[in-house]
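Trainee:
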Amino acid sequence: MTTETTKNNEFQDPLENYDAPTYADPLERALAEEPVTAIQTHPYSTIAPETTVDEALHKMAGNEIACLLVADRKSKLVGVFSDRDVMNKVALEYEDVKDRPVSELMTGDPVYVFDTDTASAAICVMAVSGYRHVPVVALDGKLLGIISPQRVTHFLCEHFSNE
Amino acid sequence: MSLQQNLASETVDKLNLREALTIAPDRTLREAVMTMRNGNLGCVVVVDGENKPIGLFTEAMLRLAICRDPCCIGAKVAEHMATVYPWVATDDTIDTVLEAMEAKNHRFVVVVDGDHRVAGLTGQKGLMEYVAEHFPDEVMVQRVGTKPYPVTREGA
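Protein chains in written order, with my numbering: chain A, 251 to 413; chain B, 49 to 204.
#1: Considering only the beta carbon of each residue, do residue 383 of chain A and residue 396 of chain A sit closer than 8 Å?
#2: Is the segment 307 to 314 of chain A in contact with the segment 50 to 69 of chain B, if contact means three or more CB pairs nearer than 8 Å?
#3: With a 10 Å radius around its C-beta and 16 neighbouring C-beta atoms as the bar for buried, classify residue 171 of chain B as buried or exposed.
#4: CB residue 84 of chain B to CB residue 107 of chain B, shorter than 8 Å?
#5: Could you tell me the distance, in whole angstroms, from the CA atom of residue 270 of chain A to the CA atom of residue 353 of chain A?
#6: Measuring straight from C-alpha to C-alpha, what distance separates residue 80 of chain B and residue 111 of chain B?
#7: Check each residue of the segment 118 to 130 of chain B: if its Cβ is closer than 8 Å to any Cβ of chain A, include it; give the result in chain order.
#8: Select from A:279, A:264 and A:265 the residue whose C-alpha is nearest the C-alpha of residue 182 of chain B.
#9: Are residue 326 of chain A and residue 391 of chain A touching if we call contact CB-CB under 8 Å?
#10: Please classify residue 184 of chain B: is it buried, with 16 or more other beta-carbons within 10 angstroms of its beta-carbon, or exposed?
#11: Quick check: the segment 285 to 303 of chain A against the segment 336 to 348 of chain A, are there 3 or more CB pairs under 8 Å?
#12: Evaluate the contact criterion for the segment 132 to 151 of chain B versus the segment 335 to 345 of chain A: three or more CB pairs, one atom per stretch, below 8 Å.
#13: Among A:330, A:322, A:324 and A:374, which one has its Cα closest to the Cα of residue 316 of chain A?
#14: Beta-carbon of residue 180 of chain B versus every beta-carbon of chain A: anything under 8 Å?
#15: Starting from the Cα of residue 394 of chain A, find the closest Cα among A:275, A:282 and A:292 and give me that residue.
#16: Quick one: list the residues of chain B neighbouring residue 344 of chain A, beta-carbon separation under 7 Å, in chain order.
#17: Does the ligand SAH have a heavy atom nearer than 7 Å to the CB of residue 259 of chain A?
#18: With residue 171 of chain B as the anchor, note down where its beta strand (DSSP E) starts and where it stops.
#19: So with CB distances below 8 Å, who are the chain A contacts of residue 81 of chain B?
#20: Mapping the DSSP letters down to three states, classify residue 332 of chain A as helix, strand or coil.
#21: Residue range of the alpha helix (DSSP H) that residue 146 of chain B falls in?
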């Protein structure tokens, strides 16, 4: 941070002229200032890359979830397997793919957000990337959870009704 | 106006509506899946002869159907569609979409015109896009992890 001095060599704090952002309503403030972890990120389900497509599908159906996070032995996120992958790659080819490892059909290198990102940043990731389910990771890469539109909707409704 | 005020006052036609994919009830799940794949959309609206919605078939229903019976892909859509589904009119306010999704965890919401004919589709992604528009700074400087943006969108 650079220091600034006046003509008299007195220190002038550059943050003196800082104007804190103003928000039109508590909903905007919550989205802009609260971290993504303020949105529910748990529970989430993970599977190993070698899990078969059939096992993954049954896990999704049994737990009534639309997305599984694929993590390696070090709990590092390597992919996402979701309803969209089932629709695009499994539904019409089931007998041919059911015993294959999910790593061959998952969406690899998924988009994600850090737990320090704001709720609005996470929503923008969803909007721009087009992916509904976005994993949340720590700065060291550790998988922490997942956000989904359902959880974002709940967050919006929570702050909506508080007005 | 604030985001909350906009949600309560702006109408559904202000959302980025998708063109709904439609299918007749006597078509098969295979045809429904092909339609969804080609349209890059996670649901089809089942319509009658007047293009009025009578049901909804989504990728979530597909997942359950395949899991129960992988051979169901040849069954008729009418046997697996949801006959109770959320819908809004084009002149309803956006918060009605929010309420529909929050109440029943619906992913897609059918939009109908004044004659109750299918006018489009909205839902979770449409809502996310609408909220994101209120935070243009976040959109402009977005860092999507450390990976480059995907080449193609996933779709609705």
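All residues carry an ideal CB built from backbone N, CA and C; glycine is no exception.
Mentor: For this structure:
#1: In this structure, residue 396 of chain A lies closer than 8 Å to residue 383 of chain A by Cβ.
#2: Two segments are said to touch when three or more pairs of C-beta atoms, one from each, lie closer than 8 Å; by this definition the segment 307 to 314 of chain A does not touch the segment 50 to 69 of chain B.
#3: Result: buried.
#4: At the C-beta level, residue 84 of chain B and residue 107 of chain B come within 8 Å of one another.
#5: Per the coordinates, the alpha-carbon of residue 270 of chain A lies some 46 Å from the alpha-carbon of residue 353 of chain A.
#6: Roughly 13 Å separates the two Cα atoms.
#7: Against chain A - using a Cβ distance shorter than 8 Å - the residues of the segment 118 to 130 of chain B are 118 and 121.
#8: Of the listed residues, the one whose Cα sits closest to residue 182 of chain B is A:279.
#9: Yes, they are a contact pair.
#10: By the 10 Å Cβ count, residue 184 of chain B comes out exposed.
#11: Put simply, the segment 285 to 303 of chain A touches the segment 336 to 348 of chain A. At least three CB pairs are less than 8 Å apart.
#12: Because the criterion of three Cβ pairs below 8 Å is not met, the segment 132 to 151 of chain B and the segment 335 to 345 of chain A do not touch.
#13: For residue 316 of chain A, the nearest C-alpha among the options comes from A:330.
#14: Contacts with chain A at 8 Å (Cβ-Cβ) include residue 180 of chain B.
#15: For residue 394 of chain A, the closest of A:275, A:282 and A:292 by C-alpha to C-alpha distance is A:292.
#16: Residues of chain B whose Cβ lies closer than 7 Å to the Cβ of residue 344 of chain A are, in chain order, 114 and 118.
#17: What this structure holds is no ligand at all, so the ligand SAH is not there to describe.
#18: 166 to 171 is the span of the beta strand (DSSP E), which, as asked, contains residue 171 of chain B.
#19: Residues of chain A passing the Cβ test: 337, 341 and 342.
#20: Strand, per DSSP.
#21: Taken as a continuous stretch (DSSP letters only), the alpha helix (DSSP H) holding residue 146 of chain B covers 142 to 152.
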